[in-house]
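Residue numbers (our numbering): 1 to 150.
Glycine is no exception: its CB is placed at the ideal position from the N, C-alpha and C atoms.
A short worksheet on the structure shown next.
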């Protein structure tokens with residue numbers, strides 16, 4: 001299983017997702033352009049020394065990323081979906097895709113995904129933080145596939 005971030009905009013969120021990947025043994029793909037310089041100290045400050053324990057791959061754009069995933073399923077998490085992540089059957093080699101913080105992913109990318117899922121939340125709010133969403137989604141996917149570490 002892998003996490004992919006499409007054009008992330010906030011260095012601290014990327015750092016938190018990298019730390020999540022390190023703790024749960026999941027690689028992280030970063031699909032550029034990003035909204036900050038890769039050497040931004042905020043990435044390392046949030047990821048801390050955990051950044052040395054996660055496999056990170058940077059891709060020049062979505063097409064470059066797509067060319068690397070072969071037959072793996074690409075599962076998009078979006079507030080626009082009606083299907084709950086808790087009613088979906090994950091596979092151990094799924095790639096969990098999260099869009100940029102301000103706008104998600106363009107519709108052409110959403111339509112190219114194998115599934116679009118949402119994380120249930122109260123209707124009075126718009127969305128969760130990117131790192132929080134990734135943690136909830138990844139936790140459920142790893143739980144379902146019996147691949148949680150430890």
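Linking residue 9 to residue 134 through their CA atoms gives a straight-line distance of about 15 Å. By the Cβ-count criterion, residue 131 is buried, with 16 or more other Cβ atoms from all chains shown falling within 10 Å of its own Cβ. DSSP places residue 26 outside both helix and strand once states are collapsed to three, so it counts as coil.
Remark: C-beta atoms of residue 18 and residue 47 approach each other more closely than 8 Å. At the C-beta level, residue 81 and residue 118 come within 8 Å of one another.
For the pair of segments examined, the segment 73-89 was found not to touch the segment 48-56: the number of CB pairs separated by less than 8 Å stays below three. Of the candidates 124, 79, 86 and 112, the residue whose Cα lies closest to the Cα of residue 104 is 79. For residue 126, the three-state secondary structure derived from DSSP is coil. In the structure shown, the three-state DSSP call for residue 132 is helix. Here residue 97 is actually not in contact with residue 58; their C-beta atoms are around 15 Å apart, not less than 8 Å.
In the DSSP assignment, residue 4 falls within the beta strand (DSSP E) that extends over 2-6. Inter-residue distance for residue 36 and residue 100 is about 12 Å (C-alpha atoms, whole angstroms).
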